[in-house]
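Enquirer: Okay, here's the structure, questions in a sec.
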Ligand SMILES: [Fe+2]
Ligand SMILES: [Fe+2]
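In my numbering, the protein residues as written are -14 to 308.
Okay, here's the thing in structure tokens:
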């Protein structure tokens, strides 16, 4: 199996029978044999599979499983969100969908702006034929995917809620995740790269809950006339996330099973470095950051139902609703 790919190959598209578009808005990806195919996966998908096949057994799971085990529940839950919409309180839903779109857009830029360290010097064991030597093109493909996702989430929102007014005060709710300084035994540029990749990987894995929530809420036929179209769009976006989790987990696993150049001259074992980075970021995202998010969204919901004629009853039912 090939392990070396050019940048052009990693960005190459399938020959689509027709591209994905909805309501005259061009999206990305397209259809082959009637099936949706994610953008830029002609060579990227087989390349990731090939790099993964060269990892020691269990290495990928060692990176991913402790993240998947800590996915926080979405707030508000599916039934809670539907209850609000049924009572005409749609602003919290519109806000969350718009913020997801904004965060998706940022997600790509966060990686495109990373200065790549000279990894052949920073990693003491050979890295030929790995995802690590292809990070520039992989970051570029990822950034282009997320720019498309920003438009697609906005489109799913506009299709489901029939072009709702968009609150203007959203930028302040999108603070990029801060990175803890936890890898002091390796050079700063390598620490920055690892924390950035791990931070995005944790967001990508945790997003499975947001996708489930969005599919179930927007896919409700009793609430949204165009439930089918918006749910399908969300499913396409989720399908596009597979290569993101794939290459990030692969590159981090490749570092985990190698020795890294340490600042003191002593090699730093990749396993200790990667596991510490992962555990610190998972703890922050699943803990304080998640709690702050829930609190913020609760405040928004309370503000939105303030003048509602059946406020007390609605908030009572909201508290009872299945998350
Ligand atoms: Fe995305
Ligand atoms: Fe993604």
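In this text, a Cβ means the ideal position worked out from N, Cα and C, and glycines have one as well.
If we define contact as Cβ-Cβ less than 7 Å, is residue 23 a contact residue for chain D?
Expert: You won't find chain D in this structure, because it holds only one protein chain.
Enquirer: Report the option in 21, -2 and 302 whose CA atom is closest to the CA atom of residue 126.
Expert: Closest option to residue 126, Cα to Cα, is -2.
Enquirer: So what's residue 21 in DSSP terms, helix, strand or just coil?
Expert: Here residue 21 sits in strand by DSSP.
Enquirer: Where do the ends of the alpha helix (DSSP H) carrying residue 273 lie?
Expert: Taken as a continuous stretch (DSSP letters only), the alpha helix (DSSP H) holding residue 273 covers 273 to 289.
Enquirer: In terms of alpha-carbon separation, which member of 271, 69 and 113 lies closest to residue 202?
Expert: Ranking the options by Cα distance to residue 202, first place goes to 69.
Enquirer: What are the residues that DSSP puts in a beta bridge with residue 10?
Expert: DSSP output for residue 10 lists 7 as bridge partner(s).
Enquirer: Give the DSSP-derived three-state secondary structure of residue 99 in the structure shown.
Expert: Here residue 99 sits in coil by DSSP.
Enquirer: Hey, out of 187, 294 and 255, whose CA is closest to residue 274's CA?
Expert: When each option's Cα is compared against that of residue 274, the closest is 187.
Enquirer: Rounded to whole angstroms, how far is the Cβ of residue 168 from the Cβ of residue 261, which I believe are closer than 8 Å?
Expert: About 7 Å; that satisfies the 8 Å criterion.
Enquirer: Helix, strand or coil for residue 254, going by three-state DSSP, please let me know.
Expert: Strand.
Enquirer: Which word fits residue -14, buried or exposed, when buried means at least 16 other C-beta atoms lie within 10 angstroms of its C-beta?
Expert: Residue -14 comes out exposed.
Enquirer: Alpha carbon to alpha carbon, how far is residue 108 from residue 212?
Expert: Going from the Cα of residue 108 to the Cα of residue 212 covers about 49 Å.
Enquirer: Output needed for residue 128: all residues of its chain with C-beta closer than 7 Å, excluding positions within five of it in sequence on either side, in chain order.
Expert: Excluding residues within five positions, the ones whose Cβ falls inside 7 Å are 93, 94, 96 and 97.
Enquirer: Can you tell me which of the three DSSP states residue 43 falls into?
Expert: Residue 43 falls in the coil class under three-state DSSP.
Enquirer: Please name the residue, chosen from 74, 42, 4 and 134, that lies closest to residue 224 on a Cα-to-Cα basis.
Expert: For residue 224, the nearest C-alpha among the options comes from 134.
Enquirer: Using the Cβ count rule (16 or more neighbours within 10 Å means buried), how would you classify residue 239?
Expert: Residue 239 comes out buried.
Enquirer: Considering only the beta carbon of each residue, do residue 237 and residue 48 sit closer than 7 Å?
Expert: For residue 237 and residue 48, yes; Cβs fall inside 7 Å.
Enquirer: Can residue 45 and residue 257 be called in contact, C-beta distance under 7 Å?
Expert: Cβ atoms of residue 45 and residue 257: not closer than 7 Å.
Enquirer: Applying the criterion that 16 or more other CB atoms from any shown protein chain within 10 Å of the CB defines a buried residue, is residue 215 buried or exposed?
Expert: By the 10 Å Cβ count, residue 215 comes out buried.
Enquirer: So, residue 116 versus residue 232, is the Cβ gap smaller than 7 Å?
Expert: Cβ atoms of residue 116 and residue 232: closer than 7 Å.
Enquirer: Go ahead and pull the three-state DSSP assignment for residue 123.
Expert: It is helical.
Enquirer: Would you kindly check if the distance between the Cβ of residue 51 and the Cβ of residue 242 is under 7 Å?
Expert: No, Cβ-Cβ distance for residue 242 and residue 51 is not below 7 Å.
Enquirer: By the three-class DSSP mapping on this structure, what secondary structure does residue 184 have?
Expert: It is helical.
Enquirer: Which same chain residues end up closer than 6 Å to residue 194 when comparing Cβ atoms and leaving out the 5 residues on each side of it in sequence?
Expert: 56 and 59.
Enquirer: Run through the DSSP bridge pairs and tell me what residue 245 is partnered with.
Expert: Beta-bridge pairing links residue 245 to 108 and 253.
Enquirer: Closer than 7 Å by C-beta to residue 89: which residues in its own chain qualify, once you throw out the five before and the five after it? Chain order, please.
Expert: Closer than 7 Å at Cβ, skipping near neighbours: 131, 134, 135 and 138.
Enquirer: Check whether the Cβ of residue 293 lies closer than 6 Å to any heavy atom of ligand 2, and answer yes or no.
Expert: The answer is no for residue 293.
Enquirer: Within its chain, find whatever has a CB closer than 8 Å to the CB of residue 302; leave out the 5 residues flanking it on each side and keep chain order.
Expert: Closer than 8 Å at Cβ, skipping near neighbours: 68.
Enquirer: Grab me the residues of residue 175's own chain with a C-beta within less than 6 Å of its C-beta, minus the 5 sequence neighbours each way, in chain order.
Expert: If we look at residue 175 and ignore the five residues flanking it on each side, its Cβ neighbours are 102 and 107.
Enquirer: If you compare alpha carbons, which of 2, 33 and 16 is closest to residue -4?
Expert: Comparing Cα-Cα distances from residue -4 to each of 2, 33 and 16, the minimum goes to 33.
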